[in-house]
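Contents: one structure, followed by commentary.
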Amino acid sequence: YIAFADELLMTSKKRTINFCQAIIDAKLNIKWDCNGRLNFAEPNVLDIMKKAGCVFINYGIECLDDQILKNMNKVLTVKQIVKGIESTLKAGISPGFNVIFGNIDEDDKTLQKGVDFLLKYDDGSQLRTIRPVTPYPGSPLYYRAIEKGLLKDVKDFYENKHVNSDLLSVNFTKLSDEQFYKVLYEANKALIKNYFKNKSKMFVNQVKKLYFERDVEFRGFRQT
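In the working numbering, the protein residues as written are 19 to 242.
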C-alpha cells in the first residue's frame, strides 16, 4: 500500500493518466491513496485511477457555501464539489471529506450545509466530523486575526490559542464561543450517530450473510 503525499498529483490530467497507465502496464497490483482537488476530478481520470489501484482520494472541501468559498479564495464552487464527489464515488473510490467551520462570516446555516452534504454522500468508509478553522501562521486568516487583534503573534498562537486542533483557536464568526461550540457539537453528534448506525447495520448484514448464505469472506469482527 502506498500513500502519495504529492498535493499536485491530480492537477495535470495527462501526467495522472500516464502515471496510472504505467502502474497498470507494469502489473504492480498495488493499492494506493493520494490528495486531490475536486476541480480536477473528471470521470475518465478517476476511472483509470481506480483501475491502477487507487482506493482513496483526500479532498479539501472546507465549506459548502459559495460565498464563504469565495471569501476563502478557494477557487471552487459547491457545484464543482458535488460533481467531483459524485464522480469519485461512481468510480468506486472513497473520498476524504475535509470540512471545517468558523471562517469569516460563517454561521449555523453554513455549518448545516456541511452536515447535510456529509450525510448525503457518506459511503461508510470512515467517521467524518467537522473541525474548527485554524489560522496557521503565514495563512491569510492568521494575518486577518493579527489585524483584528485576535492574535498577537506566532508565540501567542502556539502557546495560548492553538491547544487542540478540534478546539477553537480564533473565532471569526458572528457567534459567541459558546454558541459556536453548541452548534458544532450538534453537527458532529449527528455525523457520529449516522456513522455508527450505518456501521451496526453493516455488521448485522455480515453476520446474516455468514450464517444464512455461508459467506466465508467474513473473518470475524476483530478483523474489521
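All residues carry an ideal CB built from backbone N, CA and C; glycine is no exception.
Self-check item: Pairwise C-alpha distance: F37 and L129
Solution: Stepping through the sequence shown from its first residue, residue 129 is reached at position 111. Stepping through the sequence shown from its first residue, residue 37 is reached at position 19. Spanning the two alpha carbons is a distance of roughly 37 Å.
Quiz item: Opposite S112 in the DSSP bridges: which residues?
Solution: As a first step, residue 112 must be located in the sequence shown, where it is residue number 94. Note: S112 sits in a beta bridge opposite F74.
Quiz item: Unbroken alpha helix (DSSP H) runs of length 4 or more, entirely within the stretch 118-161: which are they?
Solution: 126-138
Exercise. Under the assumption that N121 contacts I86 (Cβ atoms under 8 Å), give the Cβ distance between them as a whole number of angstroms.
Key: Position 103 of the sequence shown holds residue 121. Position 68 of the sequence shown holds residue 86. Right, their Cβ atoms sit about 5 Å apart.
Quiz item: By Cβ distance below 6 Å, which residues in the same chain neighbour G54 in space, the five residues on each side in sequence not counted?
Solution: Translated into positions along the sequence shown, residue 54 becomes position 36. M28, I75, Y77.
Self-check item: Paired residues, beta bridge with E80 - DSSP
Solution: To locate residue 80, count along the sequence shown from 1; it is residue 62. Per DSSP, V117.
Practice problem: Counting only the same chain and skipping the five closest in sequence on each side, list residues whose C-beta sits under 6 Å from that of V151. | Solution: Along the sequence shown, one-based indexing puts residue 151 at 133. Result list for V151: I118, G120, N121, in chain order.
Quiz item: Between the beta-carbon of S143 and the beta-carbon of S194, is there less than 9 Å?
Solution: As a working mapping, residue 143 is identified with position 125 in the sequence shown. As a working mapping, residue 194 is identified with position 176 in the sequence shown. No. Outside cutoff.
Exercise. Would you grab the beta carbon distance between L169 and F175 for me? Rounded to a whole angstrom, and I think it's under 8 Å.
Key: Reading the sequence shown from its first residue, position 151 is the one you call residue 169. Reading the sequence shown from its first residue, position 157 is the one you call residue 175. That belief holds up - the Cβ atoms of L169 and F175 are roughly 6 Å apart, short of 8 Å.
Exercise. Alpha carbon to alpha carbon, how far is Y229 from D51? Give it in angstroms, no decimals.
Key: Taking the sequence shown and counting its residues from 1, one reaches residue 51 at position 33. Taking the sequence shown and counting its residues from 1, one reaches residue 229 at position 211. Cα-Cα distance, rounded: 34 Å.
Exercise. Please report the Cβ distance between L136 and L209, rounded to the nearest whole angstrom; I am assuming they are in contact, meaning their Cβ atoms lie under 8 Å.
Key: For the purposes of this step, residue 136 is identified with residue 118 of the sequence shown, where counting begins at 1. For the purposes of this step, residue 209 is identified with residue 191 of the sequence shown, where counting begins at 1. At roughly 6 Å, the Cβ-Cβ gap stays under 8 Å, so L136 and L209 are in contact.
Quiz prompt | Backbone CA spacing between M90 and G238 [nearest angstrom] | solution = By one-based count along the sequence shown, residue 90 stands at place 72. By one-based count along the sequence shown, residue 238 stands at place 220. The alpha-carbon atoms of M90 and G238 are separated by roughly 46 Å.
Quiz item: Under three-state DSSP, which class holds A205?
Solution: The residue you call residue 205 lines up with position 187 of the sequence shown. DSSP places A205 in helix when its eight states are reduced to three.
Quiz prompt | Beta-carbon proximity of L56 to I79, cut-off 9 Å | solution = Your numbering for residue 56 matches position 38 in the sequence shown. Your numbering for residue 79 matches position 61 in the sequence shown. Yes.
Quiz item: For D99, which of helix, strand or coil comes out of DSSP?
Solution: Walking along the sequence shown from the start, residue 99 turns up at place 81. Correcting the residue type first, residue 99 is Ile in the shown sequence and not Asp. Helix, per DSSP.
Practice problem: Would you list the residues sitting across from D51 in a DSSP beta bridge? | Solution: Your numbering for residue 51 matches position 33 in the sequence shown. In the DSSP assignment, the residues bridged to D51 are A21, F74.
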